[in-house]
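Data block below; observations after.
Protein chains: 2
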Amino acid sequence: MNGAEGLIASAVASGVEVCFANPGTTEMQMVGALDSVPGMRAVLTLFEGVATGAADGYGRMADKPAMTLLHLGPGHANGIANLHNARRAGTPVLAVIGDHPTWHLQNDAPLTSDIESLAWPVSKWVRRVQTAKSLPGDAADGIAAARALRSGVATLIVPGECAWDAIPDAAARAAPPSPPVPADAAIESVAQILSGDAPAALLLGGAGLRARGLRAAARVAAASGAVLLSDTFISRVERGAGLPEVAKIPYFPEQANDLLSRFAHLVLVGTVEPVAFFGYPGQDGRVVPEGCALHALATPDEDVAAALEALAERLRGAAPVAAASASRPAAPQGALDPGSVGAALAAVQPDGAIVMDEAATTGFPYWVASSACPPHDYLGLTGGAIGQGLPCATGAAVACPDRPVIAFQADGSGMYTLQSLWTQAREGLDVTTVICANREYRILRVELARADISQPGPQAQSLTSLADPALDWVALAKGMGVPGAAVETAEDLVRELQRALAEPGPHLIEARI
Amino acid sequence: MNGAEGLIASAVASGVEVCFANPGTTEMQMVGALDSVPGMRAVLTLFEGVATGAADGYGRMADKPAMTLLHLGPGHANGIANLHNARRAGTPVLAVIGDHPTWHLQNDAPLTSDIESLAWPVSKWVRRVQTAKSLPGDAADGIAAARALRSGVATLIVPGECAWDAIPDAAARAAPPSPPVPADAAIESVAQILSGDAPAALLLGGAGLRARGLRAAARVAAASGAVLLSDTFISRVERGAGLPEVAKIPYFPEQANDLLSRFAHLVLVGTVEPVAFFGYPGQDGRVVPEGCALHALATPDEDVAAALEALAERLRGAAPVAAASASRPAAPQGALDPGSVGAALAAVQPDGAIVMDEAATTGFPYWVASSACPPHDYLGLTGGAIGQGLPCATGAAVACPDRPVIAFQADGSGMYTLQSLWTQAREGLDVTTVICANREYRILRVELARADISQPGPQAQSLTSLADPALDWVALAKGMGVPGAAVETAEDLVRELQRALAEPGPHLIEARI
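Chains as they are written, first to last, in our numbering: chain A, 55 to 567; chain B, 55 to 567.
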């Protein structure tokens with residue numbers, strides 16, 4: 055076998071099953087190995103940002119890494135924004151980059167660049183392979199690094215000769231398991247804080263937002279009166295009927311500060327101190343008030359669910375009476391606005407849906423409207439790098455072929471990685487995309503006002519407008535093989551959602567707001 | 055005024071007239087300054103790779119930098135691939151990135167990343183602004199760095215407070231001029247080499263491929279018998295009737311080596327030693343044979359045109375009799391293939407056209423077919439980072455509103471940055487896009503065979519195919535406000551080209567090969 059085959063064999067032996075790829079010449083041996091070594095599904099994307107965002111969505115839903123296969127520094131660079139989101143989500147990804155053969159680097163050929171400098175800002179682990187013989191072990195090390203808590207992006211740079219040189223057969227190496235790190239030290243002190251009279255909240259992240267962690271958190275809340283919160287932007291939360299309601303910290307720092315000022319204690323559970331998304335003049339970027347003491351039950355590197363369960367035991371929290379029956383808003387009628395769009399989605403989303411929310415300003419009302427829907431997963435824009443929604447939904451659908459995926463998508467960010475629709479069509483993925491077409495970067499209109507530019511001039515208006523010409527999302531979807539429909543009322547949105555969700559394969563609905 | 059206004063004022067004072075932008079919250083003060091300070095045209099793109107590629111195309115045609123305005127590390131990252139191409143082209147660009155206010159960096163907010171690490175691989179100059187007061191001077195320094203020979207990308211990172219803090223009025227500073235660096239040292243030695251009997255070639259780059267340099271190079275060739283060559287991928291060449299024919303070094307290293315083995319001397323003129331685009335087993339990446347001696351007349355940092363003129367004087371080269379009358383191939387008929395597509399384009403392209411060639415394997419025959427067309431400019435894919443063509447054509451059209459621009463574009467690379475079409479529609483740019491729709495990454499089929507994968511398996515076939523589903527480029531163009539037509543014969547291609555070129559504004563033709 056050659057090094058490339060050893061790489062794929064190690065990945066397969068480590069449980070990696072999917073490779074989202076946009077390869078070039080320096081990856082040809084790895085492309086060949088995807089056929090000669092069984093066990094890895096190759097999924098082509100037409101832009102690298104789709105590949106990396108799909109790996110993020112896949113990893114969030116499969117709880118294990120996908121591999122990405124990208125072409126040298128510039129190909130990797132096209133995937134950086136969504137690797138940034140994966141890093142912030144803590145999603146395990148094995149990012150493989152083919153490079154020139156080592157002896158060719160000194161020639162500074164046109165595609166040569168400093169790949170390490172590009173990769174480190176989004177990676178927890180970067181390694182340049184030295185020999186073909188070491189490549190299978192390097193791959194296993196990368197997979198172990200990617201999935202070790204706190205999981206993230208491991209980047210493996212494979213020079214040409216390491217892919218094509220021969221190595222001994224049976225050189226594959228499985229990555230070792232990543233045992234959870236216990237978080238016992240703080241349980242007693244947190245229990246004492248929660249047993250006091252001062253108002254407290256748990257800020258949940260990571261495994262704290264999955265069913266097991268949430269059930270334990272609900273017992274803690276029932277025993278102590280603590281309020282359950284999450285960060286504004288969430289990698290993945292399991293929610294709906296049978297699971298406790300969690301309030302998101304609001305987006306703008308003044309509102310976040312208002313909410314948190316109700317509490318004397320904020321206990322961090324699998325996440326870190328919340329901060330302002332952006333800094334504004336006269337603020338310092340913190341949102342936790344001076345009077346609110348911070349405590350950590352478990353860091354993102356530790357076994358969050360076990361820590362919550364131990365805390366619930368210590369507080370003798372019984373299983374809370376959760377609302378076991380689902381309830382949804384009534385199907386809305388009339389004009390489309392953020393409220394009616396969110397209600398329409400919540401009114402029809404199927405049991406077991408996966409909802410990827412990159413709907414930006416249009417998306418805010420959906421969270422509350424859907425809190426008691428049938429059980430579903432909700433994925434958020436973790437790193438603020440827009441263009442995550444369509445790729446992430448694509449990867450989630452690859453990970454969960456039996457579940458309906460809904461891409462709840464703003465138009466401005468949707469345009470970043472619209473090539474995702476083609477991969478959905480090719481793979482026959484059951485993704486329903488709702489484009490919230492308000493035809494502007496509406497958040498920037500808000501931010502202009504916050505920056506004291508309350509009367510934007512013509513250039514500021516132009517730079518925040520998607521009108522003139524209006525995007526025709528139905529045509530864009532058709533161009534990539536996805537059937538679409540445009541709607542202008544809530545009734546039509548409900549009807550088209552029901553139709554799209556009833557049919558297999560991808561669909562797109564342009565909701566004109 | 056505030057720092058952002060000082061930045062724009064400095065840029066305007068330095069002759070920078072256009073800002074290709076996709077801004078976010080951290081750029082709002084600079085967006086506001088584009089209205090409050092007159093003189094800079096803001097052009098919105100719907101993806102950062104369009105903004106940076108447009109700045110590259112603009113810079114190549116305007117011979118001065120445009121500004122790009124991008125959002126933090128991830129927004130910049132989306133533009134890296136085309137900044138890589140600009141770096142390889144030596145195009146002057148002022149890349150401005152808004153960052154969090156300095157005091158917010160320690161909070162590690164979601165969009166925080168190591169911008170310097172991302173920027174250095176594509177920049178000749180990177181500076182993080184320290185205070186609002188220094189910002190106007192920093193901008194002038196960046197512009198001077200961008201346009202100094204060898205020109206390239208200057209990256210200016212602007213923390214929030216440097217944009218919004220007040221500074222004294224009239225703080226704008228114009229960038230100093232960048233006088234050319236004489237290249238006199240090698241003229242005598244090169245003249246002696248060319249006066250000998252051994253066969254020699256001039257490898258022209260930079261200003262050596264512009265009319266003044268080419269006319270001098272033609273005199274040198276006429277006096278000495280030297281052959282005129284260029285690199286395979288060219289930033290910009292002025293060519294057609296009245297200018298000497300230049301042969302490109304072939305793409306594959308064996309063919310390049312074959313060509314160069316005819317010469318005992320290769321004189322580098324504003325470029326560097328040609329090397330293999332990719333390294334293959336058993337090669338060393340060099341394409342200049344041992345028996346061919348390398349000499350440098352002028353480096354890319356030096357005054358190439360003056361050096362060529364001095365050399366022509368020294369050799370007493372009279373003005374050669376150039377073919378002053380244009381000649382074109384006849385309009386082709388029949389099936390579409392690389393030959394007939396290239397002939398169709400050459401048969402109809404208008405006088406003064408700007409042709410951006412990212413047509414990949416389909417593009418090769420066009421170069422020879424168009425050599426005696428009426429005078430035109432030809433732009434190439436300089437850094438190998440695909441997705442350059444549509445943005446670069448967009449920027450060229452902004453730089454040259456009175457000239458027709460033709461984007462000669464492969465389908466695979468076209469999908470990388472298709473959002474360019476929307477900016478063309480919004481700005482009413484006279485760009486005719488020809489999509490060469492062979493529905494595969496054909497170069498990778500060739501490269502698979504070169505990698506001894508002559509019978510690609512199903513996954514390798516899938517990863518190199520754009521069929522299933524076929525892209526409908528006419529629908530994609532319609533979705534972004536650009537009228538389009540699909541053609542399947544050479545006659546229809548000629549007719550649609552004539553129609554598109556006769557009408558103002560953008561058009562797209564999908565040529566199904």
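Positions of the beta carbon are idealized from the N, C-alpha and C atoms, including for glycine.
Report task. Let me know the secondary structure DSSP gives Asp411/A once reduced to three states. Result -> Residue state, collapsed to three classes: strand.
Requested in this report: Evaluate the contact criterion for the segment 543–561 of chain B versus the segment 503–511 of chain A: three or more CB pairs, one atom per stretch, below 8 angstroms.
Outcome: Cβ pair count under 8 angstroms is below three, so no.
**Report entry** Spatial neighbours of Val235/A in its chain, beta-carbon cut-off 8 angstroms, leaving aside the 5 residues before and after
**Finding:** Residues Leu203, Asp355, Glu356, Asp357 of the same chain have their beta carbon placed closer than 8 angstroms to that of Val235/A, with the five preceding and five following residues left out of the count.
Requested in this report: Could you confirm whether any beta carbon from chain B is found closer than 8 angstroms to the beta carbon of Ala491/A?
Outcome: No, because no Cβ of chain B sits closer than 8 angstroms to the Cβ of Ala491/A.
Query - Contact with chain B by Asp89/A, beta-carbon distance below 8 angstroms - result: Under the Cβ criterion of 8 angstroms, Asp89/A is counted among the residues facing chain B.
Query - Any beta strand (DSSP E) of 3 or more consecutive residues that is wholly inside the segment 59–134 of chain A - result: Entirely contained in the segment 59–134 of chain A, the beta strand (DSSP E) runs reaching 3 residues are, in chain order, 72–76, 95–98, 120–125.
Report task. Count the other C-beta atoms from every protein chain shown that fall within 10 angstroms of the C-beta of Asp153/A, then say buried if there are 16 or more, exposed otherwise. Result -> When all chains shown are included, Asp153/A counts as buried.
Query raised in the report: In terms of residue numbering, what span does the alpha helix (DSSP H) encompassing Arg266/B cover?
Result: 265–278 is the extent of the alpha helix (DSSP H) around Arg266/B.
Report task. Rounded to whole angstroms, what's the CA-CA distance from Leu369/A to Gly296/A? Just pull it up for me. Result -> When rounded, the distance between both Cα atoms is 21 angstroms.
Query raised in the report: Cα separation between Ala108/B and Ile408/B?
Result: Their Cα atoms are separated by approximately 14 angstroms.
Requested in this report: Flag this pair as yes or no: are the beta carbons of Pro558/B and Val536/B separated by less than 8 angstroms?
Outcome: In this structure, Pro558/B keeps its C-beta atom at 8 angstroms or more from the C-beta atom of Val536/B.
**Report entry** For Val395/A and Thr471/A, the rounded distance between their alpha carbons
**Finding:** Going by the C-alpha atoms only, they are around 22 angstroms apart.
Query raised in the report: Roughly how far, in whole angstroms, is the beta-carbon of Leu210/A from the beta-carbon of Leu137/A, given that I think they are within contact range, below 8 angstroms?
Result: At roughly 13 angstroms, the Cβ-Cβ gap does not stay under 8 angstroms, so Leu210/A and Leu137/A are not in contact.
Report task. Go to Ile567/B, then tell me how far its beta strand (DSSP E) extends in each direction, as first and last residue. Result -> Bounds of any beta strand (DSSP E) do not take in Ile567/B, whose DSSP letter is neither H nor E.
Query raised in the report: Of all the alpha helix (DSSP H) runs that stay within the bounds of the segment 382–433 of chain A, which reach a length of 4 or more residues?
Result: Within the segment 382–433 of chain A, the complete alpha helix (DSSP H) runs of at least 4 residues are 392–402, 418–423.
Query raised in the report: For Val281/B, does the three-state DSSP call read helix, strand or coil?
Result: Here Val281/B sits in strand by DSSP.
Query raised in the report: Do the segment 224–231 of chain B and the segment 248–264 of chain B touch if we need at least three Cβ pairs shorter than 8 angstroms?
Result: No, because fewer than three Cβ pairs between the segment 224–231 of chain B and the segment 248–264 of chain B fall closer than 8 angstroms, the two stretches do not touch.
Query - Minimum C-alpha distance to Thr543/B - residue among Ala531/B, Ala491/B, Gly336/B, Ala524/B - result: Ranking the options by Cα distance to Thr543/B, first place goes to Ala491/B.
Requested in this report: Measure the beta-carbon distance from Ala373/A to Pro386/A and round it to whole angstroms, keeping in mind my assumption that it falls under 8 angstroms.
Outcome: Contact check for Ala373/A and Pro386/A: beta-carbon distance about 35 angstroms, past the 8 angstroms limit, so the pair fails to qualify.
Requested in this report: Would you give the residue range spanned by the beta strand (DSSP E) that Arg293/B belongs to?
Outcome: Counting along the chain, Arg293/B sits inside the beta strand (DSSP E) bounded by residues 291–293.
Query raised in the report: Do you know how far the Cα of Pro523/B is from the Cα of Lys37/A?
Result: The structure shown has nothing for residue 37/A, since chain A only spans 55 to 567.
**Report entry** Residue range of the alpha helix (DSSP H) that includes Cys216/A
**Finding:** First-last of the alpha helix (DSSP H) with Cys216/A: 214–218.
Requested in this report: Could you tell me how far apart the beta carbons of Ala439/A and Ala135/A are, in whole angstroms, since I believe they sit closer than 8 angstroms?
Outcome: The beta-carbon distance between Ala439/A and Ala135/A, rounded to whole angstroms, is 4 angstroms. This is short enough to meet the 8 angstroms contact definition.
Query raised in the report: the segment 460–486 of chain B: which residues have C-beta closer than 9 angstroms to a C-beta of chain A, in chain order?
Result: Result list: Gly466, Met469, Tyr470, Thr471, Leu472, Gln473, Trp476, Ala479, Arg480.
Query raised in the report: Short check: CB of Arg201/B to CB of Val176/B, under 8 angstroms?
Result: No, the Cβ-Cβ distance between Arg201/B and Val176/B is not below 8 angstroms.
Query raised in the report: Under the three-state reduction of DSSP, which class applies to Cys346/A: helix, strand or coil?
Result: DSSP places Cys346/A in coil when its eight states are reduced to three.
Query raised in the report: Is the shortest distance between the beta-carbon of Gly93/A and the beta-carbons of chain B less than 8 angstroms?
Result: So, not an interface residue.
Report task. Output the distance between the C-alpha atoms of Gly538/B and Gln463/B, rounded to the nearest integer angstrom. Result -> Note on geometry: alpha-carbon atoms of Gly538/B and Gln463/B lie some 14 angstroms from one another.
Query raised in the report: What first and last residue would you give for the beta strand (DSSP E) that runs through Cys490/B?
Result: Cys490/B -> beta strand (DSSP E) spans 485–491.
Query raised in the report: My guess is that Phe287/B and Leu435/B are in contact by the Cβ rule of under 8 angstroms, so how many angstroms apart are they, rounded?
Result: Between the beta-carbon of Phe287/B and that of Leu435/B there is about 5 angstroms, and that keeps the pair under the 8 angstroms contact cut.
Query - Residue ranges of each alpha helix (DSSP H) within the segment 214–264 of chain A, 4 or longer - result: Runs of alpha helix (DSSP H) with 4 or more residues, each lying fully within the segment 214–264 of chain A, are found at 214–218, 241–249, listed in chain order.
**Report entry** For Asp192/B, the first and last residue of its enclosing alpha helix (DSSP H)
**Finding:** Counting along the chain, Asp192/B sits inside the alpha helix (DSSP H) bounded by residues 189–201.
**Report entry** Own chain residues within Cβ distance below 6 angstroms of Val321/A, not counting five before or after
**Finding:** Excluding residues within five positions, the ones whose Cβ falls inside 6 angstroms are Val244, Leu256, His349, Leu351.
Query - Residue interval of the beta strand (DSSP E) (run including Arg504/A) - result: From DSSP, Arg504/A is part of no beta strand (DSSP E) but of the alpha helix (DSSP H) over 496–504.
**Report entry** Secondary structure of Gln184/A, DSSP reduced to three states
**Finding:** Three-state DSSP puts Gln184/A in coil, outside helix and strand.
Requested in this report: Determine the chain B residues that contact Ala163/A at a beta-carbon separation under 9 angstroms, and present them in chain order.
Outcome: Against chain B, the beta carbon of Ala163/A has neighbours under 9 angstroms at Val329, Ala330, Phe331, Phe332, Gly333, Gly339, Gly438, listed in chain order.
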